[in-house]
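Report on the following structure.
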Amino acid sequence: MNPEKLTYLYEPVKLQPIAQPIVETPAQLAAIADELAFDGTGRVVQDANYIKARQYYANAEAAMAGGAVRIYVPGYGDAMGNVSGVLNIAKAMKKYNVKPVYDMWFCGTAGEEGKGNLAGMKQLYGYDQNLGTGTNPLNFVTNFGIDGGSGTINFIGSYRFEMKYTAPTAPGPNTPNAVEAAAASIAKIADIKTPWDTDKTALKTTYTVGVASCEDPVAGSNVVPSCTIQVDMRSPRIAPLNEIRARIEPLFQAGVTEENARFSVADNSAQAVQLQLTWFGDRPPHERTDLSDVSIQAAWQSAETVGVDQLKEVSTAASSLNDNVPAAIGVPTINLNIGTSATGGGGHAFWEWGIPGESAKEVLRMQRVMSAALIASGFTAADGTVVAPAAPAIGKRTAEVK
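This is the structure we're talking about:
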């Protein structure tokens, strides 16, 4: 994963011939000589490297045959191409004086992944994780997420916990061990079974111990100061998500108690391993029951009109995206896609890379997204007539601003 704190604020955009092997270390990435250049205002310099990088290919085979270059940059796949497309839509609407009836917001939010926990979207929609409610202070009536979803309307929910197991404050030769306590919790969690584990036709509810790490002992000691584990639970519905949480959450402390009991040590004593529990992740789930809402209908109609990404039927498959937040408080939302890629890899890693795909399709997708938004917002046509908004004037919310 990308580090929580960057050693420097800006990552150079490195360019590597596709025929060369993908880098394996940050040092190898840093050693690549070719990179994009930027001027004093932060704009890319349109030099020879820029021209090499700005070549489009239909697929990986065409890229290899055409001598393409890999573009190494964090966020290439998630979601640089989509952000660029959205900004181009805004630029086009201003240039050609396209006038929606409702205000149209072009929002870029940060903090989707990992401990970010959808922070940007929760701020935008006034979502309170502890209450599970959102005030929608800007009165959004429809949301179009441009995040690579290609028409996603259902959203998987998740709970994420971090447990820090701390060594006794008064350790001795025969005292509980933070490593053993963490291992005991993991073993207990691993024994949990969901209905989906034994019946693949059941609702898919899963969990993982995704990250585990321990501090190094201080010099001259063999006592590990602390160990940390993270647990991720997922389901497309809130009831099974709460059910699996109720079964797993007590096991965090159970591992600590078991380790302390091995040495006849009372929990919370100076000789005991201690647990610090943090609930840092809440992605509210949502399953669509109404397929006639404005976001779905506008996205469907715009695809038919523009002639791109047309579907015979809407997929009910679920993903975990920024849209989880508006969906949870009742704002109609659908996740669409603009960016294309001939090939790529390393998502969310230091070596994330990609090669531009079909530029003509990206143009059509931008037209599709703009059309969908204008259907929802209403607009003034070229002859001066006003096409009424398809969306209601008052947005959904599950709490009021205090």
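Sequential numbering of the sequence shown, starting at 349, is according to this note's numbering. Cβ atoms here follow ideal geometry from the backbone N, Cα and C, with glycine treated the same way.
> What residue does the beta strand (DSSP E) around residue 418 start on, and which one ends it?
Replying inline: 417-420 is the span of the beta strand (DSSP E), which, as asked, contains residue 418.
> Which word fits residue 514, buried or exposed, when buried means at least 16 other C-beta atoms lie within 10 angstroms of its C-beta?
Replying inline: Per the 10 Å Cβ criterion, buried.
> With contact counted as at least three CB pairs below 8 angstroms, one residue from each stretch, are the stretch 421-433 and the stretch 479-487 in contact?
Replying inline: No: the two stretches stay apart, fewer than three of their Cβ pairs being nearer than 8 angstroms.
> Mapping DSSP to helix, strand and coil, what is residue 716?
Replying inline: The answer is helix: DSSP assigns residue 716 an H, G or I state.
> In this structure, what does DSSP give as the bridge partners for residue 728?
Replying inline: In DSSP, residue 728 forms a bridge with 734.
> Given that a residue counts as buried once 16 or more other Cβ atoms are within 10 Å of its Cβ, and exposed if not, what is residue 368?
Replying inline: Around the beta carbon of residue 368, fewer than 16 other beta carbons sit within 10 angstroms, so the residue counts as exposed.
>> Just verifying my parser: in three-state terms, what is the DSSP assignment at residue 448?
In response: Residue state, collapsed to three classes: strand.
>> Suppose you measure from the CA of residue 745 to the CA of residue 686; what does that come to, to the nearest Å?
In response: Roughly 28 angstroms separates the two Cα atoms.
> Can you tell me whether residue 674 is buried or exposed, with buried defined as 16 or more other CB within 10 angstroms of its CB?
Replying inline: Residue 674 counts as buried, since at least 16 other C-beta atoms from the protein chains shown sit within 10 angstroms of its C-beta.
> Going by alpha carbons, who is nearest to residue 411 out of 690, 505, 542?
Replying inline: Of 690, 505, 542, the residue nearest in Cα terms is 690.
> By Cβ distance, which residues of its chain are closer than 7 angstroms to residue 639, with the 5 residues on each side in sequence left out?
Replying inline: Once the five neighbours on either side are set aside, the close Cβ partners of residue 639 are 662.
> Span of the alpha helix (DSSP H) holding residue 644?
Replying inline: Bounds of the alpha helix (DSSP H) holding residue 644 are 642-654.
> What are the start and end residues of the alpha helix (DSSP H) that includes residue 627?
Replying inline: First-last for residue 627: 622-631, but that is the beta strand (DSSP E), not the alpha helix (DSSP H).
>> Considering just the uninterrupted stretch of the beta strand (DSSP E) at residue 605, what are its terminal residues?
In response: Unbroken run through residue 605 is the alpha helix (DSSP H), 586-610; no beta strand (DSSP E).
>> Considering only their Cβ atoms, is the gap separating residue 475 from residue 742 smaller than 8 angstroms?
In response: Contact check for residue 742 against residue 475 fails: the beta carbons are separated by 8 angstroms or more.
> Is DSSP giving residue 367 helix, strand or coil here?
Replying inline: DSSP places residue 367 in the coil class of the three-state scheme, outside both helix and strand.
> In terms of alpha-carbon separation, which member of 433, 562, 453, 517 lies closest to residue 710?
Replying inline: Closest by alpha carbon: 433.
> Going by beta carbon distance, what residues of the same chain come within less than 7 angstroms of residue 631, once the five residues before and after it are set aside?
Replying inline: Excluding positions up to five away in sequence, the list reads 466, 505, 506, 668, 672.
> With 16 as the cutoff for other CB atoms within 10 Å, does residue 349 come out buried or exposed?
Replying inline: Because residue 349 sits at a pLDDT of 44, beneath the cut-off of 50, its placement in the model cannot be relied upon, and the point is left open.
> Is the CB-CB distance between residue 447 and residue 653 below 8 angstroms?
Replying inline: No, Cβ-Cβ distance for residue 447 and residue 653 is not below 8 angstroms.
> For residue 736 versus residue 642, is the C-beta spacing smaller than 8 angstroms?
Replying inline: No. Outside cutoff.
> Counting only runs that start and end within the stretch 378-445, where is the beta strand (DSSP E) found for 3 or more residues in a row?
Replying inline: Taking 3 residues as the minimum length, the beta strand (DSSP E) runs contained wholly in the stretch 378-445 are 417-420, in order along the chain.
>> Give me, in chain order, the residues of the same chain whose beta-carbon lies closer than 8 angstroms to that of residue 397; leave out the 5 immediate sequence neighbours on both sides.
In response: Counting only Cβ-Cβ distances below 8 angstroms, and skipping sequence neighbours, we find 363, 382, 383, 384, 385.
>> According to DSSP, is residue 312 part of a helix, a strand, or is it coil?
In response: Shown here, the chain extends from 349 to 750; a query on residue 312 therefore has no answer.
>> Considering just the uninterrupted stretch of the beta strand (DSSP E) at residue 561, what are its terminal residues?
In response: Taken as a continuous stretch (DSSP letters only), the beta strand (DSSP E) holding residue 561 covers 554-562.
>> Considering only the alpha carbon of each residue, which of 361, 648, 708 lies closest to residue 779?
In response: Because residue 779 is not part of the residues shown, which for the chain are 349 to 750, the question remains open.
>> If contacts are defined as beta-carbon pairs under 8 angstroms, then residue 529 and residue 572 qualify, I think. What distance do you get, rounded to the angstrom?
In response: Under the criterion of beta carbons closer than 8 angstroms, residue 529 and residue 572 do not qualify as touching, at roughly 10 angstroms.
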